[in-house]
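In the numbering used here, the protein residues as written are 2 to 89.
Ideal placement from N, C-alpha and C gives every residue a C-beta, glycine not left out.
Note that the coordinates shown come from a computational prediction; the quantities given were computed from them, not determined experimentally.
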């Protein structure tokens, strides 16, 4: 009888819900794409300067994507998965 009561009170809920994990994956994808866009632009010859390192993609777009990805991560962590559910 006591063991059955303990099983009833045992809560197998995860801390994060399905919606939280979706936003986390979106954030990770944004961060990964941002870092991929930042890479490259090197020169084959170290004595030759390559102005590609100052392109719009590396200076503006990629860091913005990374920051947006971190924003998604923060939102995913702070999102309440039990907002619409009734508790007894």
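Please classify residue i: is it buried, with 16 or more other beta-carbons within 10 angstroms of its beta-carbon, or exposed?
i	result
residue 1	In the structure as shown, the chain begins at 2 and stops at 89. Residue 1 is therefore absent and cannot be evaluated.
residue 72	exposed
residue 70	buried
residue 50	exposed
residue 24	buried
residue 85	exposed
Is DSSP giving residue i helix, strand or coil here?
i	result
residue 82	coil
residue 21	helix
residue 14	coil
In its own chain, which residues sit with a C-beta less than 7 Å from the C-beta of residue i, not counting the 5 before and 5 after it?
i	result
residue 34	66
residue 54	42
residue 17	82
Keeping to the same chain, check which residues put their C-beta closer than 6 Å to that of residue i; ignore five residues upstream and five downstream.
i	result
residue 80	21
residue 30	none
residue 59	39
Ignore the nearest five residues each way along the sequence and tell me which others in residue i's own chain have a CB closer than 8 Å to its CB.
i	result
residue 36	63 and 67
Practice problem: Write down every uninterrupted run of the alpha helix (DSSP H) in the region 23-51 whose length is 4 residues or greater and which is fully enclosed by it, in chain order. | Solution: none
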